[in-house]
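Peer 1: Sequence order for the protein chains is A and B. One point on numbering: in the working numbering, the residue at position 76 of the first sequence is 1332, and numbering is uninterrupted. One point on numbering: in the working numbering, the residue at position 431 of the second sequence is 434, and numbering is uninterrupted. Note that beta-carbon positions come from the ideal geometry of N, C-alpha and C, so glycine has one too.
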Amino acid sequence: MLRTLAWRAAVALPTLLVVSALMFMALRLLPVDPAAMSLPPNATNADIAAMRHTMGLDKPLPVQYVIWLDQVLHGNFGQSIHFRRSVAGLVANALPATIELAGSAMVIAFILGVGGGLLLFALRGRRSELALETATTLAMSLPEFLWGLLFIFVFGVALNWLPFTGRLAPSLPQPPGTGFLLIDSLRAGRIDIFWSALLHLILPASALGIAFAPPIARVLRASLLATWEQDYIRQARLRGISETRLLLAHALRNAALPSLTMVGVQFGFLFGGSLLIEVIFADPGIGNLMVDAVRNADLPVIQAVGLTYCVVVLVINAVVDALYMVLDPRLRRA
Amino acid sequence: MQLPLSRRLLLASAAGASLPLPALAAGQDSATMGWPSDVPGWDPTLRFAPDAQGIYKMVFDQPLTQSPHLKLIANVVTKWQLAPDGKTLDLELRPDVTFHDGAKMTSEDIRYTFFERVKSGENLDISKSFRTLVGVDTPSPTHAVMHFSQAFPTAPVWLAFLGSFVLPKEYLSKVGAAEFQKKPIGSGPFKLAEYEINARIVLERNDKYWGPKPALRRITIEIIKDPSARVAAIQSGQLDLTVNVPVREAQRLGHIPGLASELDPITRIILLQVRNDRNFSDENVRLAAHHAIDKAALSKAFYGGAAVPLSLPAPPGSPGYVPGFHFAYDPKLAMQLLAKSGYGPKNPIKIGFDTTNGQFPSDYDMARAIAAMWKKVGIEADLKVIEYAQYFELNRGDKLPEATLYSFDNATGDPEIYAGYLLNPHLPFSPWKDPVLGKRVVAQFTVTNEAERIAGWKKIEEDAVNMGACMPLLQSVITLVRKKNLSYTRYGNGWVLGQTFRWT
């Protein structure tokens, strides 16, 4: 297993290199000048020329890329043009909010997906199956930001049940620590902050998670149908095992592998999908940071956030591979 | 197999749905405000950010400030006198101003903020506005004298404008710029209590403030970039006040019991920035393009009629405004002018037309409406969307098209910062590169006699509009929605200051 994971890591490095090079070159093709953007509009052309030299923008593009890469390898992602502070610090500051949101959304997507898959399987051949399939199609066809707006207007405005701006109630302080509010509040022993953070997470995480649940449900249903026809299931049934136990203890474990792949793939999309959700729900994650960066043509931040997305997807793929091996002993032997 | 949906499950769900919400906005000594953008950092001299000015003004003091009607007034500087040659500015400071750490503000802090830090080579935006500052004398702790290498008639105006906030020399020198960003100290009516980037700013009242004490103890600013989310948040009671919501939403929210909404004209203007070459080299075409635009209709369609149509790049009430000057909406005249140059609806002249989409309310829709108005008279516009950040780069590269829809913010209302910046060929705002008008504009920057200065800018504005070098459209509006019992002071430049909030 370790060898496989090491191989995965070795493959990830060139992938990261290619992605970073493509991103670097593509951003340099945009008609924006980072030097000019880093100065106020009343800067003169001479000011801009001097800044271009300071930033190394007068060097050939490949040289600029090598310099940038060397800095990145030393943990230096440069300075934000807009915020004039360390890009690494900005990303590190914003990342916990996104991970917390995406993680919560994944939990919701997983619960809804697995629950929905089991329900679809249980209702197979009945009229209600069609209704549930229609519901999953609907859930899938609406983009996450529309779910977000819908949830805000229904649960936030019309029913006034849940908060939907930021991560905490205005009256509560942000606890110091990791940036993961749920963890930090518990570490600080502040149940009120934990509760507030949890309530603030429900709507954005649901909006993000709901669109990703149907594919998991459908894949699970399909693999359950295939597993249900296997000989070992028939034999287990002949031994008098109940249908529920047969489903949950025997069939589900074997049918879970394709769904796990789907969860891995979906998490990458879900992480990317947090961009609009964070803006709508005023969640200060890296999606929100990215929107600012694009608006201000803050190229160092765009590069760093893009690279972060890439790293997250690669890490998730590696984690899914590891889980595969845990769940399927044949892969370990291979 | 069926999974039962029991009554118990339903009841549990219903109970879960009625979970108590944490404390929402409102309280007699606090208020929560929804703001569309974050500050770029907590050194207010570092980056110019017009939308952040109001937030900075709650934490830091400017040497001078503006009244709600935009008159330049005293602040920590009580008296100021610009020498007749415009090269020396004498400043008298209040003796009782203290920073949040208790240190007294003196003329050394003025010298440090506007001169020493700038000359030390730090990349501060303020260094570009005070680039001609060659020294600051400090004869006494309450007396500072600024010396400029050339006439700087708008120096007092700039002391109340972008980035001009007095910073504490002692504290900043001790902790350094990076630490200052984390724990900023000003002398303003509020102290920064908590800051989460892109999320919220929590301000606590400075009880030792030298000026009128704020009525509220705590102001929380929630950074909510999405206008729909701001609408929903104020409607649901999660905010006490918010700004820049769509005009129609502001009008709708104003009818909800307990809420009030306002559409106030501000110093931000919307105009077409134009070139003096390509298919706009012909003055007839430019003037026709201007005469063809029904500005009142644009205001009605996109700003509920609240945005004032402009004939000059100076809004009513500002020093550069000329009350009798009117540039008419006259499509017939537009067609006549075009016909003189050989164009018409059947033989249209083609121009490029750039716009932003989402930079200010209804920008793209307004550009489409203008393109439709032009089509009727014989101007065919190729409309393209650009990012606001691209504007300056395209202009520097001489790649802007004949016309670009543009919004320009000038909180001071001074005509130099309108016409002077918008038409100065050496600054990146203007695609108009005509050397004749350009020379007049540049020369006007050094006129020190105030009456002559204002008169000169008025003449330049009129001439620019009459020759089609500038096409002002509308005075922009700020939409503000608040709880009815939260009062605030309106400023003509759109500042929304927490120190003026009061629950009634």
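1. Kindly say whether L430/B, judged by its beta-carbon, lies nearer than 8 Å to any beta-carbon of chain A.
2. Got a sec: which bits of the region 184-212 of chain B sit with their beta carbon under 7 Å from any beta carbon on chain A, in order along the chain?
3. What beta strand (DSSP E) runs, 3 residues minimum, are completely inside the region 140-199 of chain B?
4. Using DSSP with H/G/I as helix, E/B as strand and the rest coil, what is A331/B?
5. Considering A34/B, what are the terminal residues of the beta strand (DSSP E) in which it resides?
6. Report the neighbours of P1297/A on chain B: residues whose CB is nearer than 7 Å to its CB, in chain order.
7. Can you pull the chain A residues whose beta carbon is under 8 Å from the beta carbon of F51/B, in chain order?
8. Quick check: what's the CA-CA separation for L489/B versus V1413/A?
9. On the DSSP bridge list, what partners appear for Y409/B?
10. Could you list the residues in the region 1427-1447 of chain A with a C-beta less than 8 Å from some C-beta on chain B, going in chain order?
11. Spell out a yes or no on whether the region 172-183 of chain B and the region 103-121 of chain B are touching, meaning 3 or more CB-CB pairs, one atom from each, closer than 8 Å.
12. Can you tell me whether DSSP reads G1412/A as helix, strand or coil?
13. Give me the subset of the region 1501-1515 of chain A whose CB atoms are less than 8 Å from a CB atom of chain B, sorted by chain position.
14. G261/B CB to nearest chain A CB: under 8 Å?
15. Taking the continuous beta strand (DSSP E) assigned at F356/B, which residues delimit it?
16. What's the gap between the Cα of M474/B and the Cα of N1573/A?
17. For the beta strand (DSSP E) that D93/B lies in, which residues bound it at each end?
18. If I measure Cβ to Cβ from D285/B and keep anything under 7 Å in the same chain, skipping five residues before and after, which residues do I get?
19. With a threshold of 7 Å on Cβ separation, who are the neighbours of H1456/A within its own chain once the five nearest residues in sequence on each side are excluded?
20. Would you kindly report the start and end of the unbroken alpha helix (DSSP H) that includes W83/B?
21. For a test of the three-state rule: what should DSSP assign to T48/B, helix, strand or coil?
22. Which residue or residues does DSSP assign as beta-bridge partners of M474/B?
23. Since I believe P1426/A is in contact with R225/B (beta carbons under 8 Å), could you give me their beta-carbon distance rounded to a whole number of angstroms?
24. Give the DSSP-derived three-state secondary structure of T101/B in the structure shown.
25. So is I1536/A in contact with chain B if we call contact Cβ pairs under 8 Å?
26. Provide the residue span of the alpha helix (DSSP H) that contains I457/B, from first to last.
27. Have a look at the DSSP bridge pairing and note the partners of W506/B.
28. Would you tell me roughly how many angstroms separate the C-alpha atoms of V480/B and P268/B, rounded to the nearest one?
29. Step through the CB atoms of chain A and report whether any lies within less than 8 Å of the CB of Y390/B.
30. Return yes when the Cβ of L1368/A is within less than 8 Å of the Cβ of I1240/A, no when it is not.
31. Can you give me, in chain order, the residues of the region 222-234 of chain B that have a beta carbon less than 7 Å from any beta carbon in chain A?
32. Need the endpoints of the alpha helix (DSSP H) that R1423/A sits in, please.
33. Quick check: what's the CA-CA separation for A15/B versus A1365/A?
34. Near T451/B, what residues of its chain come up, given a Cβ to Cβ distance below 6 Å and the 5 sequence neighbours on each side ignored?
35. Below 8 Å on C-beta distance, what does P43/B contact in chain A?
36. Measure the C-alpha to C-alpha separation of N201/B and A1512/A and round it to an integer number of angstroms.
Peer 2: Checking against the coordinates, here is how it stands:
1. Locating residue 430/B in the second sequence gives position 427, where the first residue counts as 1. Closer than 8 Å to some Cβ of chain A, the Cβ of L430/B qualifies, so yes.
2. Q184, E197, E199, I200, N201, A202 and R203
3. 146-151 and 193-199
4. Taking the second sequence and counting its residues from 1, the one referred to as residue 331/B is at position 328. Three-state result, A331/B: coil.
5. Start at 1 with the first residue of the second sequence, and residue 34/B comes out as number 31. First-last of the beta strand (DSSP E) with A34/B: S33 to W38.
6. In the first sequence, counting from the first residue as 1, residue 1297/A sits at position 41. Within 7 Å Cβ-Cβ: F395, P431 and F432.
7. Along the second sequence, one-based indexing puts residue 51/B at 48. Within 8 Å Cβ-Cβ: P1296 and P1297.
8. Taking the second sequence and counting its residues from 1, the one referred to as residue 489/B is at position 486. Taking the first sequence and counting its residues from 1, the one referred to as residue 1413/A is at position 157. So the alpha carbons of these two residues sit roughly 21 Å apart.
9. By one-based count along the second sequence, residue 409/B stands at place 406. Partner(s): L274/B.
10. S1427, L1428, P1429 and Q1430
11. yes
12. Along the first sequence, one-based indexing puts residue 1412/A at 156. Here G1412/A sits in helix by DSSP.
13. L1503
14. To locate residue 261/B, count along the second sequence from 1; it is residue 258. No, no contact with chain A.
15. For the purposes of this step, residue 356/B is taken as residue 353 along the second sequence, with counting starting at 1. Its beta strand (DSSP E) spans residues I352 to T358.
16. The residue given as residue 474/B occupies position 471 in the second sequence. The residue given as residue 1573/A occupies position 317 in the first sequence. Straight-line Cα distance between these residues: approximately 56 Å.
17. Position 90 of the second sequence, counted from the start, is the residue given in the question as residue 93/B. Start and end: T91 to L96.
18. Position 282 of the second sequence, counted from the first residue, corresponds to residue 285/B. Cβ neighbours of D285/B beyond the five flanking positions: S344.
19. Sequence index remark: in the first sequence, residue 1456/A carries index 200 (1-based). Cβ neighbours of H1456/A beyond the five flanking positions: P1419, G1422, R1423 and L1424.
20. Position 80 of the second sequence, counted from the start, is the residue given in the question as residue 83/B. Counting along the chain, W83/B falls outside any alpha helix (DSSP H), though it belongs to the beta strand (DSSP E) covering V80 to L85.
21. In the second sequence, residue 48/B corresponds to position 45, counting from 1. DSSP places T48/B in coil when its eight states are reduced to three.
22. As a working mapping, residue 474/B is identified with position 471 in the second sequence. Answer is L275/B, bridged to M474/B.
23. On the second sequence, residue 225/B is found 222 positions in, with the first residue counted as 1. On the first sequence, residue 1426/A is found 170 positions in, with the first residue counted as 1. The sequence given here places Glu at residue 225/B; Arg does not occur at that position. Going by Cβ atoms, the distance from E225/B to P1426/A rounds to 7 Å, so yes, they are a contact pair.
24. If you number the second sequence from 1, residue 101/B lands on position 98. Residue state, collapsed to three classes: strand.
25. Position 280 of the first sequence, counted from the start, is the residue given in the question as residue 1536/A. Closer than 8 Å to some Cβ of chain B, the Cβ of I1536/A qualifies, so yes.
26. Here residue 457/B is taken as the residue at index 454 of the second sequence, counted from 1. It spans E453 to N469 - the alpha helix (DSSP H) in which I457/B sits, taken as one unbroken run.
27. As a working note, residue 506/B is residue 503 in the second sequence. Bridge partners of W506/B: L489/B.
28. Mapped onto the second sequence, residue 480/B falls at position 477. Mapped onto the second sequence, residue 268/B falls at position 265. Between V480/B and P268/B, the C-alpha separation is close to 4 Å.
29. Reading the second sequence from its first residue, position 387 is the one you call residue 390/B. The amino acid occupying residue 390/B in the given sequence is Glu; Tyr does not appear at that position. E390/B counts as touching chain A.
30. Given a span of 1257 to 1590 for chain A in the structure shown, any question on residue 1240/A remains unanswerable.
31. T223, E225, I226, I227, K228, D229, S231 and A232
32. Within the first sequence, numbered from 1, the residue matching residue 1423/A stands at position 167. Element bounds for R1423/A: n/a, residue is neither H nor E.
33. Taking the second sequence and counting its residues from 1, the one referred to as residue 15/B is at position 12. Taking the first sequence and counting its residues from 1, the one referred to as residue 1365/A is at position 109. Caution applies to A15/B, whose pLDDT of 39 falls short of 50 and renders its modelled position unreliable; the value that the coordinates give is listed next. If you take the alpha carbons of A15/B and A1365/A, they lie about 21 Å apart.
34. Locating residue 451/B in the second sequence gives position 448, where the first residue counts as 1. Result list for T451/B: G89, A154 and P156, in chain order.
35. Reading the second sequence from its first residue, position 40 is the one you call residue 43/B. Within chain A, the residues near P43/B are H1338, F1339 and R1340.
36. Working through the second sequence from its first residue, we reach residue 201/B at position 198. Working through the first sequence from its first residue, we reach residue 1512/A at position 256. When rounded, the distance between both Cα atoms is 39 Å.
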